[in-house]
Every structure is written in C-alpha cells, then in structure tokens.
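Asker: Using the UniProt record's numbering, read the sequence shown as starting at 1 and increasing by one per residue. Have a look at the structure that comes next, please.
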Amino acid sequence: MWLAHISHIEEKTAAHAMANGCGTGSLVGMANLQMSQETREFIRAHAGEDVRELALHAKRDVPGLDLPFALDQIAGHEIARTKLPQWAACEGIVYPPHLAMEQCSSQFTAEYKAQVAAQLVAGESEPTLVDLTGGFGVDFSAMVRGFAQGTYVERQEGLCEVARHNLRELGLGGRADVVCGDGVDHLEQMSPATLIYLDPARRDEHGARTYAIEDCTPNALALREQLLDKAPFVMIKLSPMLDWRKAIADFAGSVAQVHITATGNECKEIVVVLARGEHERVRVVCVNDAQRLEFEVGADSAGPWQRADVLDARELDAQRYLYEPNAAIMKAGAFGEITRNYDVRQIGANSHLFVSGHPLADFPGRAFEITALGTMNKRDVRQVLGGISAANVSVRNFPLTVQQLRRKLKLRDGGDVYLFATTVAGRHMLLRTRKMA
Numbered sequence: 001m002w003l004a005h006i007s008h009i010e011e012k013t014a015a016h017a018m019a020n021g022c023g024t025g026s027l028v029g030m031a032n033l034q035m036s037q038e039t040r041e042f043i044r045a046h047a048g049e050d051v052r053e054l055a056l057h058a059k060r061d062v063p064g065l066d067l068p069f070a071l072d073q074i075a076g077h078e079i080a081r082t083k084l085p086q087w088a089a090c091e092g093i094v095y096p097p098h099l100a101m102e103q104c105s106s107q108f109t110a111e112y113k114a115q116v117a118a119q120l121v122a123g124e125s126e127p128t129l130v131d132l133t134g135g136f137g138v139d140f141s142a143m144v145r146g147f148a149q150g151t152y153v154e155r156q157e158g159l160c161e162v163a164r165h166n167l168r169e170l171g172l173g174g175r176a177d178v179v180c181g182d183g184v185d186h187l188e189q190m191s192p193a194t195l196i197y198l199d200p201a202r203r204d205e206h207g208a209r210t211y212a213i214e215d216c217t218p219n220a221l222a223l224r225e226q227l228l229d230k231a232p233f234v235m236i237k238l239s240p241m242l243d244w245r246k247a248i249a250d251f252a253g254s255v256a257q258v259h260i261t262a263t264g265n266e267c268k269e270i271v272v273v274l275a276r277g278e279h280e281r282v283r284v285v286c287v288n289d290a291q292r293l294e295f296e297v298g299a300d301s302a303g304p305w306q307r308a309d310v311l312d313a314r315e316l317d318a319q320r321y322l323y324e325p326n327a328a329i330m331k332a333g334a335f336g337e338i339t340r341n342y343d344v345r346q347i348g349a350n351s352h353l354f355v356s357g358h359p360l361a362d363f364p365g366r367a368f369e370i371t372a373l374g375t376m377n378k379r380d381v382r383q384v385l386g387g388i389s390a391a392n393v394s395v396r397n398f399p400l401t402v403q404q405l406r407r408k409l410k411l412r413d414g415g416d417v418y419l420f421a422t423t424v425a426g427r428h429m430l431l432r433t434r435k436m437a
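Here's what the structure looks like:
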C-alpha cells in the first residue's frame, strides 16, 4: 500500500531546504509519522500529475487531507523516478519538500560513493560506517549496504524520524542506527569506526552559498586530526566548484584519493578520501557515467604535471576527428593524461579540444567528425558554413563569446551541425563537425 503506516508529517521549513546529505539549508519539524486515509488516497489518485495544477485546483476543505504533505509526496516520487529509481520503486518512502529533492544526491553518485567506500574497507571483517551529516540519507543508505553496521547522525529531529522510517522501508533498519544530535559532538564521544563520511553544508548562516572547505559546516579542515583519530578512512563530499588541487594542499598530506564525479556530462561533486599516514602520491579518478579516467599526482598537486601534446598547426588539415573531454576530466584539468592515454593531440595549448586522424571508440567525452575547417576570413567562413542557417556553437580559447559568434555568423541555435571556434598558432579557426554516435 502506498505509504502504508505513514501518517501526517508536519512541514515546517526554514529558509533553505536542507543542511546535509540532500544539499543545503534546513528542514525541521517533520515528525509524528502518521497519515490519514484521505491523504493516502489523494496521493494514490493523483500520482504523476502536475503538482502546480493540483495546488491550484485541489479542494482544500477535505477533512483529514494534508494537502501540502500530499503534494510533496507526489512531486518527490516523480523526481525520484529518474533520480532515485530504487527509492521510487519502494512505495513506503517519505519524500522531503521539492528543493531538498532537487539538491540531494542521485542514485548514480550515491552508488559510486558506496563503491569507493567498499573498496576502502575491503578485507575488514566487520566494517562500521558513521555518517556525521545524515540529511535525507541517500548517501548513507547506499554506503551502509557495504558495512556490517552504520550510524546516521543528524541534528534535526524531523529528518531523523524520516530516516528511521525510510531505512526500514529500504530493508536497512537492522544495520543502521539513527542518532539525533550534532555531528561534531558525536565525533567527540563516538567509538572508533572504519570509515567516517561527511557532506558539509555549503551555505552560511545567511543562506548564501559557500565553496571553501573552511566556510562549510562542519569545517572538515579543522576536524582533520580528530576524524582520522576515530577512523582510518574519511570520505568528504565537496562542492564541484572547489579547486581540488587546493583541497589536497589544505589537508596537508592526508588526502589519498580524489574522486571527481559527473553524470550527463555535468560535474556533480568532488569527494576526497583522507587516510592515516603521509601520502606522497594522490590517486585521482574522473567519472562521467560509464566513462572513467584514473591518474596520480604528487601531494604537491599545485606543482608542474604532465602537459598535453599540442598539434603542429601545419598538421591540422590532416585531422579528421575532434574530441571534447567530459565534464569530470575538464574539471580535473587532466589534459596531459588524455594525450598520454589516447592517440590524440590538443589543438593549441588552451583549447582543451583534441584531434586525431582516425576514430577512437573509447574516448572519454564527445566525439565529432570534422567535415570542414577554415579561418575567419569571409571566403573560408562561406566555405565552412556551406549555407547552413543553424548550428550548435562552442568556443574554446577564442575572442568572441558563443552569442557574439552566432550573431556574427547569423546562425540560429540548434540543428545537426556542431561548430567549434578556437585559436591555432595565433589564427582564429572554425571547425564544422557532426556528432558521432
């Protein structure tokens, strides 16, 4: 039965959606887990419908109907169908308000972190997990499956109530303890664990978004020694906007791994793994859906590292295929690793576009066939465009923005043509391409 045994959850949200786990901000007051028959029937009857239309036209005077809660459940389930399909398949799950659902981890990123955690504790007979920033519990529910026992810590009582319920619905109640309290306070008094996980809140007390590790709550930099005293491994989820090289330096030799995760070619998060001891080499893993690239950097990651091989401009005419690295690799800046691992060369030192004379089936990014190329002089432009009126335009190391170039070339956005503008040996070039499957 849809949401059987769940009842009314009072929704009292603070100015922002959630503090931990599912993003930032806070959700409070979700307690007294019961649901009326009227609310349950409304959810079942209107599953999949537009909640905005429902909010405008639904009868609000139905006795026993908690309309705000019902709308949250309908909207949450709709988002979960694509973002958290395993949760969506479980009828008993309780969903938070919309913003929290938009901000929480996806099933892909949560399961990837679970894989990383499982590899870290492989060989341990009874590994234990402590999540100090429980939130909605998506990451915890994925990770705890690889542990003998896990502890979810969250300071908001309403979230703890929801987590207890959802973990039971997911069949994890027997291996998961829910502690309602401050994560830092719990760290001070907890027993040793095998792995500690944190997803620090990335908003300040005024609700403004923050990115620096020391500006997040809790401050993982200040807790580094205490965390590693309680567990040999610590996983910390950080903003995708963060400079991961600086994070390695900030943690002063404690970083063993960095995972840069993207899905749908959008960088979603950076996860650093701290481990006891000094680490002179750091393993960096770039993941975009099924695409993966691994390499190592020195602990002094700000120092020089391998540069990409740059194409001799005289050879450009002989190139037939163009490649654009995926978002995780772009975030990593691992362009030297691209030319080391794949038979490609970069167009110009700062283009971050790569070319080859033959197709590569396994390049970690988008691949295109070059159909025409030329400079920005009028004759070349006419030849490259060939009368097209629309194109998908990208610029790399080029003096015009996409909008400016589109206006200059009188092109609408869209179509099957992909037009790249870049600079090669001081010359502004256009490359007309078609996307390869």
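Built from N, CA and C at the ideal position, the CB exists for glycine as well. These numbers were taken from a predicted model, which means no experiment stands behind them.
I'd like the list of long-range same chain contacts for residue 465, defined as Cβ closer than 6 Å, with 5 residues on each side in sequence excluded.
Answerer: The displayed coordinates of the chain run from 1 to 437. Any statement about residue 465 would go beyond what the structure contains.
Asker: CB Val-153 to CB Leu-167, shorter than 7 Å?
Answerer: Residue 153 sits at position 153 when you count from the first residue of the sequence shown. Residue 167 sits at position 167 when you count from the first residue of the sequence shown. Going by C-beta atoms, Val-153 is not nearer than 7 Å to Leu-167.
Asker: Looking at the structure shown, is Gln-119 part of a helix, part of a strand, or coil, going by DSSP?
Answerer: Residue mapping note: residue 119 aligns to position 119 of the sequence shown, counting from 1. Here Gln-119 sits in helix by DSSP.
Asker: Could you tell me how far apart the beta carbons of Ala-391 and Val-417 are, in whole angstroms, since I believe they sit closer than 8 Å?
Answerer: For the purposes of this step, residue 391 is taken as residue 391 along the sequence shown, with counting starting at 1. For the purposes of this step, residue 417 is taken as residue 417 along the sequence shown, with counting starting at 1. With 8 Å as the limit, Ala-391 and Val-417 qualify as a contact, their Cβ atoms being about 4 Å apart.
Asker: Report the rounded CA-to-CA distance for Arg-145 versus Gly-171, giving the unit in angstroms.
Answerer: Residue mapping note: residue 145 aligns to position 145 of the sequence shown, counting from 1. Residue mapping note: residue 171 aligns to position 171 of the sequence shown, counting from 1. When rounded, the separation of the alpha-carbon atoms in Arg-145 and Gly-171 is 10 Å.
Asker: Look at the alpha carbon of Ala-55 and the alpha carbon of Leu-65, and state the distance between them as a whole number of angstroms.
Answerer: As a working note, residue 55 is residue 55 in the sequence shown. As a working note, residue 65 is residue 65 in the sequence shown. So the alpha carbons of these two residues sit roughly 13 Å apart.
Asker: Given His-46, which residues of its chain have a CB within under 7 Å of its CB, disregarding the five upstream and five downstream residues?
Answerer: Translated into the one-based positions of the sequence shown, residue 46 becomes position 46. Closer than 7 Å at the Cβ level, and outside the excluded window around His-46, lie Leu-54 and Ile-74.
Asker: Compute the beta-carbon to beta-carbon distance between Lys-237 and Val-271, rounded to the nearest angstrom, for a pair I have assumed lies under 8 Å.
Answerer: Along the sequence shown, read from residue 1 onward, the residue named residue 237 stands at position 237. Along the sequence shown, read from residue 1 onward, the residue named residue 271 stands at position 271. About 5 Å separates the two Cβ atoms, so the contact holds.
Asker: How big is the Cα-Cα spacing for Pro-85 and Ser-106?
Answerer: The residue labelled residue 85 in the question sits at position 85 within the sequence shown. The residue labelled residue 106 in the question sits at position 106 within the sequence shown. If you take the alpha carbons of Pro-85 and Ser-106, they lie about 9 Å apart.
Asker: Pull up the DSSP beta-bridge partners for Cys-286, would you.
Answerer: Here residue 286 is taken as the residue at index 286 of the sequence shown, counted from 1. Its beta-bridge partners are Ile-260 and Leu-293.
Asker: Relative to the C-alpha of Asp-309, which residue among Tyr-342, Gly-414, Ile-93 and Arg-396 is closest?
Answerer: One-based indexing of the sequence shown puts residue 309 at position 309. It is Tyr-342 whose Cα lies nearest to the Cα of Asp-309.
Asker: Where does Gly-298 fall in DSSP's three states?
Answerer: Working through the sequence shown from its first residue, we reach residue 298 at position 298. Reduced to three states, the DSSP call for Gly-298 is strand.
Asker: Taking the alpha helix (DSSP H) that Asp-185 belongs to, which residues open and close that run?
Answerer: Counted from its first residue, the sequence shown places residue 185 at position 185. Start and end: 183-189.
Asker: Beta strand (DSSP E) containing Ala-275: first to last residue?
Answerer: The residue labelled residue 275 in the question sits at position 275 within the sequence shown. Counting along the chain, the unbroken beta strand (DSSP E) around Ala-275 starts and ends at 266-275.
Asker: DSSP three-state label for Val-166, please.
Answerer: One-based indexing of the sequence shown puts residue 166 at position 166. The sequence given here places Asn at residue 166; Val does not occur at that position. Taken through DSSP and simplified to helix, strand or coil, Asn-166 comes out as helix.
Asker: Provide the residue(s) that pair with His-428 in DSSP beta bridges, ordered along the chain.
Answerer: Start at 1 with the first residue of the sequence shown, and residue 428 comes out as number 428. Per DSSP, Thr-423.
Asker: Can you find the residues in the same chain that come closer than 8 Å, C-beta to C-beta, to Glu-126, ignoring five residues on each side of it along the sequence?
Answerer: Counting from one through the sequence shown, the residue named residue 126 turns up at place 126. Contacts found: Ala-148 and Gln-149.
Asker: Cutting at 7 Å between CB atoms, please list the residues of its own chain near Ala-114, excluding the five before and the five after it.
Answerer: Looking up residue 114 in the sequence shown gives position 114. The residues are Ala-142, Met-143, Arg-145 and Gly-146.
Asker: Consult DSSP for Asn-392 and reduce its assignment to one of helix, strand or coil.
Answerer: In the sequence shown, the residue the question calls residue 392 occupies position 392. Three-state DSSP puts Asn-392 in a strand.
Asker: For Gly-25, is the classification buried or exposed, using 16 other Cβ atoms within 10 angstroms of its Cβ as the cut-off for buried?
Answerer: For the purposes of this step, residue 25 is taken as the residue at position 25 of the sequence shown. Interpretation of Gly-25 is limited by its pLDDT of 31, a score under 50 that renders its predicted location unreliable; the figure taken from the coordinates is listed afterwards. Buried: at least 16 other Cβ atoms inside 10 Å.
Asker: Please state if the CB of Ala-262 and the CB of Asn-288 are separated by a distance shorter than 7 Å.
Answerer: Residue numbering aside, residue 288 sits at position 288 when the sequence shown is read from its first letter. Residue numbering aside, residue 262 sits at position 262 when the sequence shown is read from its first letter. Contact flag set, yes.
Asker: So, do the region 155-163 and the region 176-192 have three or more beta carbon pairs nearer to each other than 8 Å?
Answerer: yes
Asker: Counting only the same chain and skipping the five closest in sequence on each side, list residues whose C-beta sits under 8 Å from that of Cys-267.
Answerer: Within the sequence shown, the letter at position 267 stands for residue 267. Excluding sequence neighbours, Cys-267 sits near Pro-240, Ile-260, Thr-261, Ala-327, Ala-328, Met-330 and Lys-331.
Asker: From the DSSP secondary-structure annotation, give me the bridge partner or partners of Tyr-323.
Answerer: Numbered from 1 along the sequence shown, position 323 holds the residue referred to as residue 323. Paired residue(s): Phe-354 and Ala-367.
Asker: If we count the other Cβ atoms within 10 Å of its Cβ and call it buried at 16 or more, is Cys-104 buried or exposed?
Answerer: If you number the sequence shown from 1, residue 104 lands on position 104. Cys-104 comes out buried.
Asker: So what's Val-153 in DSSP terms, helix, strand or just coil?
Answerer: Sequence index remark: in the sequence shown, residue 153 carries index 153 (1-based). Val-153: strand per DSSP, three-state reduction.
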